[in-house]
Amino acid sequence: MKKFLSIFLLLILFSITLYSIEYVTLSSELTENLGGRISIPFFYGTKDAPSAFLLNSYLAKDVEDFLSEYLDQLYGLKNSIDESEEPYVQVVIESEIGFVSDSFVSFYTDYFSYVYHQAHPMTTRETYNYDLTLSKFLNLYDFLDLYSEDTGESFRIIKESIIEEINADPKIYFNVDETLDTIGYDRDYYITNEDFVVIYQLYEIAPYSSGIREFKIPLKELGIEIQ
Numbered sequence: 237m238k239k240f241l242s243i244f245l246l247l248i249l250f251s252i253t254l255y256s257i258e259y260v261t262l263s264s265e266l267t268e269n270l271g272g273r274i275s276i277p278f279f280y281g282t283k284d285a286p287s288a289f290l291l292n293s294y295l296a297k298d299v300e301d302f303l304s305e306y307l308d309q310l311y312g313l314k315n316s317i318d319e320s321e322e323p324y325v326q327v328v329i330e331s332e333i334g335f336v337s338d339s340f341v342s343f344y345t346d347y348f349s350y351v352y353h354q355a356h357p358m359t360t361r362e363t364y365n366y367d368l369t370l371s372k373f374l375n376l377y378d379f380l381d382l383y384s385e386d387t388g389e390s391f392r393i394i395k396e397s398i399i400e401e402i403n404a405d406p407k408i409y410f411n412v413d414e415t416l417d418t419i420g421y422d423r424d425y426y427i428t429n430e431d432f433v434v435i436y437q438l439y440e441i442a443p444y445s446s447g448i449r450e451f452k453i454p455l456k457e458l459g460i461e462i463q
């Protein structure tokens, strides 16, 4: 599977030359050892070619690390349980593109796992907010400092919007006051063409049954416009 992805990436890298950034989706079924599938974006065509290459490399490394972690778990299970049992580990990696321009890319990738005898599956939603001009990822503070007209006002709007949505259906949340006391620089977020989206992972402010929580604030309310 790794060899297939590497060859496919190289073919795309050397056969396509454009002036505006584009992306394709690379998909692969996992049929050996780990079960599941992978579906991730590959970016190409930007005039800042090394920047796009770095973004692809970062994502590929995250995918490799995730698969390696659960492959190790599978081998550990095989060595620790009765031979009559057949352990299994299911993993799914899927990405959703939020925003793409020649200067900025924003998307998230869900890393889903289900391990033999685990109570329930787990998913972590990793966000990728990459400035192609600066060749760096922007955390939440970086992004607002760079694109918001008034950073302090933007934080106020974000926090009030989250609290308002939580108060509309409080029974599905917990630990809200403690968690929302501050919105850290490392808080997961992504943007779409219309919204700034703040993410809280499983169990952060709600039980598993409530899922990953997303709070959407219109970019216009934050005075944000990205070309």
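In this text, residue positions in the sequence shown follow our numbering: the first is 237, and each later residue adds one. We treat Cβ as the ideally placed atom computed from N, Cα and C, and that holds for glycine.
Can you give the Cα-Cα distance for residue i and residue j, rounded to whole angstroms?
i	j	result
Leu455	Arg361	21 Å
Leu368	Pro286	9 Å
Leu458	Glu268	47 Å
Asp338	Ile274	26 Å
Tyr436	Ser316	34 Å
Ile329	Asp378	27 Å
Glu450	Val433	6 Å
Ile399	Phe410	12 Å
Leu416	Ile402	11 Å
Tyr311	Pro357	19 Å
Looking at C-alpha atoms only, which residue of the options is the closest neighbour of residue i?
i	options	result
Asp381	Glu414, Tyr421, Met358 and Ala404	Tyr421
Phe373	Glu265, Thr261, Ile276 and Leu290	Leu290
Val327	Glu265, Glu385 and Thr415	Glu265
Glu430	Glu440, Gly334, Glu450 and Lys407	Gly334
Val260	Leu270, Tyr280, Gly272 and Gly271	Tyr280
DSSP three-state call for residue i: helix, strand or coil?
i	result
Leu370	coil
Ser495	Here the chain comprises residues numbered 237 to 463, so residue 495 is not present and cannot be evaluated.
Gly447	coil
Glu460	The amino acid at residue 460 is misidentified as Glu; the sequence shows Ile. Ile460: coil per DSSP, three-state reduction.
Thr267	coil
Asn292	helix
Leu455	helix
Leu438	coil
Ile257	coil
Using a 10 Å radius around the Cβ and a threshold of 16 neighbouring Cβ atoms, would you call residue i buried or exposed?
i	result
Ile257	buried
Asp413	exposed
Ile243	Caution applies to Ile243, whose pLDDT of 47 falls short of 50 and renders its modelled position unreliable; the model cannot decide the point.
Tyr294	exposed
Give a yes or no on whether the minimum CB-CB distance between residue i and chain B is below 8 Å.
i	result
Ala404	Looking at the structure shown, chain B is missing, and only one protein chain is on hand.
Cβ pair count under 8 Å reaching 3, the segment 338 to 358 against the segment 384 to 397 | Contact between the segment 338 to 358 and the segment 384 to 397 is absent, because fewer than three Cβ pairs lie under 8 Å.
Cβ contact (3+ pairs, closer than 8 Å) linking the segment 424 to 432 and the segment 330 to 346 | Contact between the segment 424 to 432 and the segment 330 to 346 is present, because at least three Cβ pairs lie under 8 Å.
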